[in-house]
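Okay, structure coming up:
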């Protein structure tokens, strides 16, 4: 599973950062513990793959999917 190395270079207000997604702090902490920093890192993962991550429950999965549906990336980030 590849992580986005460039995530540390995203601006603080970038919509792809987990902190700006509207997901609860508890779930963000759990996702950071698993090495995730961006919503788009879940695009190529199935629900089963996400649920197999440590400390991730069905509620966290639902929060991730709902936040991803709301995410609108700036045009230059395609």
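Residue numbers (the numbering used here): 101 to 178. Just so you know, even glycine gets a beta-carbon here, dropped at the ideal spot from N, CA and C.
Can you tell me which of 114, 121, 168 and 113 puts its alpha carbon nearest to the alpha carbon of residue 144?
-> By 1-based counting over the chain shown, the position of residue 144 is 44. It is 168.
Buried or exposed: residue 153, going by 16 or more other Cβ atoms within 10 Å of its Cβ?
-> Here residue 153 is taken as the residue at index 53 of the chain shown, counted from 1. It counts as buried.
Between residue 142 and residue 156, is the Cβ-Cβ spacing less than 7 Å?
-> Position 42 of the chain shown, counted from the first residue, corresponds to residue 142. Position 56 of the chain shown, counted from the first residue, corresponds to residue 156. Going by C-beta atoms, residue 142 is not nearer than 7 Å to residue 156.
Counterpart residues of residue 117 in DSSP-defined beta bridges | In the chain shown, residue 117 corresponds to position 17, counting from 1. Paired residues: 138.
Selection from 138, 131 and 133 that minimises the alpha carbon distance to residue 112 | For the purposes of this step, residue 112 is taken as residue 12 along the chain shown, with counting starting at 1. With distances taken between Cα atoms, residue 112 lies closest to 138.
Using DSSP with H/G/I as helix, E/B as strand and the rest coil, what is residue 148?
-> Here the question's residue 148 lines up with position 48 in the chain shown. Of the three classes helix, strand and coil, the one that applies to residue 148 here is helix, per DSSP.
Where the alpha helix (DSSP H) through residue 143 begins and ends = Along the chain shown, read from residue 1 onward, the residue named residue 143 stands at position 43. For residue 143, there is no enclosing alpha helix (DSSP H), since its DSSP letter is neither H nor E.
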